[in-house]
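To start, the structure itself, in structure tokens.
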Amino acid sequence: MLAESIFEKEFSKETVFLDRNMLTPHFIPRELPFRQKQIEEISTILAQTIKGKKADNIFIYGKSGTGKTSVTKKVTQELIEFAGAKNIPVEVTYINCRNHSSKYRALIKIVKDFFPEENFLGFSASFIYEKVLEFAGKKKQLIVVLDEVDKIKDLDDLIYSLNRANDEIVNGSVSIIGISNNLVFKDRLEPRTKSSLCQHEMVFPPYNAKELSEIILQRSKKAFKENVVHESAISLSAAIAAQESGDARTALMLLLRAGEIADQRSLEHVTDQEVRRAKKKVEEEIILNMISTLPEQQQLVLLAISNLSLQKQGIKTLTGKTEEGTLFSGEVYKEYESIANQSKNGPVSTRWYREYVSELEMYGLIFTTNSGKGFKGQSTLIKLGFDAKKIKDAIEKEIVDEMA
DNA sequence: CCTCCACAGGAAGCGCAGGAGT
DNA sequence: ACTCCTGCGCTTCCTGTGGAGG
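What follows is the structure, given as structure tokens:
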């Protein structure tokens, strides 16, 4: 088929969406339901900056998809707008620490935001620090948002430096907002870092099913064409997400995928059937993603398990019935051994193989039970958690990629 | 009952990479 | 630039468990 005709076909294709961006994680809605309290709290604290004072540092904790980032971005955005209109020097810089995972990289990101035309890569840490001081020293109130703050390796240093800035500049200030979904990480910090970062601590609770369905209802009104999405599809998405995590992102992702499935099948409506299909698809995506991040040897173990699952009928118990897809630990190791012998690093020892197996179980990729009575000796019975063919394909593709 | 088999899982230690100290 | 240290992935060794078979 000619490219042109593909474009034409895609272009004229009927779609259930008005604006699918409304359902993606990057989108920040104007209204953030059920977060009024948190918005007020943060606004009150940050309001100090428009009076020319330093705001307290804030530490925000909550599981993923509870609106931490959205609330923070929204509040700071409004702060900037307000300050801009009144000509008050307030600046906000947002840093996702996953991409800027050290003090040095975070500082670079800060100065780059303030001096966009200059390039600072390669300059010494102290020089960059001076640049931050220079900028804040012009009677500026800086707010530094550190999202996924637990990803920073030398966080103690970074917090210390940013705080020290407040002593060295007279008319400006530097305030920090730290965001994390990992609560235990702050116990590893130095006490003074902790007390400084946590001047105000806030917890964002997960949404319940009712809240979730209201949230996604609101968004789906703008994301989809009118009367396309059935009410039951909304409540099902909310129920699934609430049950799993209370995570708004999951709920929206389900609805987005459900819409895409409807488009693919040229359906005019999104019903709970599409949501169920979407759930399966999202789950598969997560699993395949998980597999691709597994260490190579562990992938081989998993490959051995899926190979045998496809070949064998199962094992027989003493009572005579066959256990579908269940494998002995020993035979899996033999299969793994022969696969691994063909790869550049040989197989690991049986001891370590057992560790791999129990790890795979922790990830939920396989199920294991102790053989207990009915079998020779004591062994682990292994069963694959998902479709063997799909897992096999995924791993084999992964291995080919690594060779290339 | 004893021994062998087939495995589970703890303890110790080894080699290595990467960060800290100097 | 050098050593020193430490965590990590892994092997080796070992003790324990429980059915199978003599």
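This note's numbering puts the first residue of the first sequence at 4, with every later residue one more than the last. Note that the Cβ used here is the ideal one computed from N, Cα and C, for glycine as well.
Supposed close pair residue i, residue j - CB separation, criterion 8 Å
{"i": "G175", "j": "Q144", "result": "6 Å"}
{"i": "V285", "j": "S240", "result": "With a Cβ gap of about 11 Å, V285 and S240 do not count as contacting."}
{"i": "A261", "j": "A254", "result": "Going by Cβ atoms, the distance from A261 to A254 rounds to 11 Å, so no, they are not a contact pair."}
{"i": "I146", "j": "V95", "result": "5 Å"}
{"i": "T372", "j": "L387", "result": "So it is not a contact: roughly 13 Å between Cβ atoms."}
{"i": "E271", "j": "V231", "result": "7 Å"}
{"i": "G65", "j": "N185", "result": "Contact flag wrong, Cβ pair sits at about 11 Å."}
{"i": "I219", "j": "N60", "result": "Not confirmed; about 33 Å, so no contact."}
Whole-angstrom distance between residue j and residue i, CA atom to CA atom
{"i": "K142", "j": "Y107", "result": "24 Å"}
{"i": "I155", "j": "F62", "result": "15 Å"}
{"i": "E299", "j": "I290", "result": "16 Å"}
{"i": "P92", "j": "K76", "result": "18 Å"}
{"i": "H233", "j": "K71", "result": "29 Å"}
{"i": "F117", "j": "G140", "result": "13 Å"}
{"i": "L158", "j": "L149", "result": "10 Å"}
{"i": "I394", "j": "Y356", "result": "19 Å"}
{"i": "A397", "j": "P119", "result": "42 Å"}
{"i": "F37", "j": "E358", "result": "43 Å"}
{"i": "I9", "j": "L21", "result": "21 Å"}
{"i": "I172", "j": "L136", "result": "7 Å"}
{"i": "L410", "j": "S67", "result": "Nothing in the structure corresponds to residue 410, since the chain is present only between 4 and 407."}
{"i": "M25", "j": "Q345", "result": "48 Å"}
{"i": "K228", "j": "I264", "result": "15 Å"}
{"i": "I162", "j": "L200", "result": "7 Å"}
{"i": "N166", "j": "I45", "result": "19 Å"}
{"i": "T47", "j": "L257", "result": "35 Å"}
{"i": "K12", "j": "S312", "result": "42 Å"}
Residue i (DSSP reduced to helix, strand or coil)
{"i": "T322", "result": "Per-residue confidence for T322 stands at a pLDDT of 44, beneath the threshold of 50, marking its modelled position as unreliable; the derived number appears in the next sentence. Residue state, collapsed to three classes: coil."}
{"i": "V206", "result": "strand"}
{"i": "S46", "result": "helix"}
{"i": "L387", "result": "strand"}
{"i": "L291", "result": "helix"}
{"i": "I113", "result": "helix"}
{"i": "I394", "result": "helix"}
{"i": "I162", "result": "helix"}
{"i": "I369", "result": "strand"}
{"i": "L35", "result": "coil"}
{"i": "F10", "result": "helix"}
{"i": "T329", "result": "strand"}
{"i": "A139", "result": "helix"}
Strand pairing of residue i, partner residues [DSSP]
{"i": "L149", "result": "I98 and G181"}
{"i": "S176", "result": "Q144"}
{"i": "G65", "result": "F207"}
{"i": "F20", "result": "F227"}
| Secondary structure, alpha helix (DSSP H): runs of 4+ residues fully inside the segment 68–106 | 71–88
| query | Fully enclosed by the segment 194–280, which alpha helix (DSSP H) runs are 4 residues long or longer? | reply | 194–200, 212–226, 234–247 and 251–267
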